[in-house]
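What follows is one structure encoded as structure tokens, with my remarks underneath.
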């Protein structure tokens, strides 16, 4: 089964765990599933493979961009167009790198701003690939954000569970009421 589809509702605030127990469930990460929680299930190997894959893909993408640039040179479109194309890809890649890197540490502020940047990130795909590869050197991309959310959800769950008054077994016996003494 695909690691992403193992949990139909992978929100950290869910009340049932992955093993049928109670508690929040970790949100699966792309390519890592929930192995980021305990760093098990080949987590280190996956991180190395994803980082290497992103670097290989970035190298292939750079080669394709180089071939496209040579095509512009062969077409003799002029120095101005060549410069604009290079600057456009450089700026878009820098912005895509920054937005991708920020996305690993915080949730997007709004769907409208992410939709507006989608085409820019598509043009600057090289920057996104490099950000993904660099993040794999330290952690799974997005792990720090997901871990903070998961641990906060666990703390909220524990607080709710320990302060819950609906569990009669957790209550201390009452004295004075109902014991027949007056």
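In my numbering, the protein residues as written are 131 to 312. Quick reminder that beta carbons are idealized off the backbone N, C-alpha and C, glycines included.
- The continuous stretches of alpha helix (DSSP H) do not include residue 234, and DSSP gives it neither H nor E.
- Counting C-beta atoms within 10 angstroms of its own C-beta, residue 230 has 16 or more neighbours from the protein chains shown and is therefore classed as buried.
- DSSP assignment within the segment 207-270 yields the following whole alpha helix (DSSP H) runs of 4 residues or more, N-terminal first: 209-233, 241-253 and 255-266.
- For residue 177, the enclosing alpha helix (DSSP H) has its first and last residue at 173-205.
- Rounded to whole angstroms, the Cβ separation of residue 185 and residue 263 is 5 Å, and the two are in contact under 8 Å.
- Check the Cα spacing between residue 174 and each of 287, 285, 270 and 211: the tightest is with 270.
- Sequence-distant Cβ neighbours of residue 159 in its own chain, meaning closer than 8 Å and more than five residues away, are 166, 270, 271, 272, 273 and 276.
- Remark: C-beta atoms of residue 256 and residue 191 approach each other more closely than 9 Å.
- At least 9 Å separates the beta-carbon of residue 216 from that of residue 254.
- With respect to the C-alpha of residue 176, the residue from 205, 162, 240 and 188 having the closest C-alpha is 162.
- Residue 250 is positioned such that its CB atom lies no closer than 9 Å to that of residue 187.
- Just so you know, the alpha carbons of residue 289 and residue 189 end up roughly 49 Å apart.
- The closest CA to that of residue 168, considering only 179, 156 and 178, is found on 156.
- In this structure, residue 261 keeps its C-beta atom at 9 Å or more from the C-beta atom of residue 210.
- Boundaries of the alpha helix (DSSP H) around residue 165: 165-168.
- Here residue 223 is buried. Its C-beta has 16 or more other C-beta atoms within 10 Å.
- Here the alpha carbons of residue 237 and residue 280 stand approximately 14 Å from one another.
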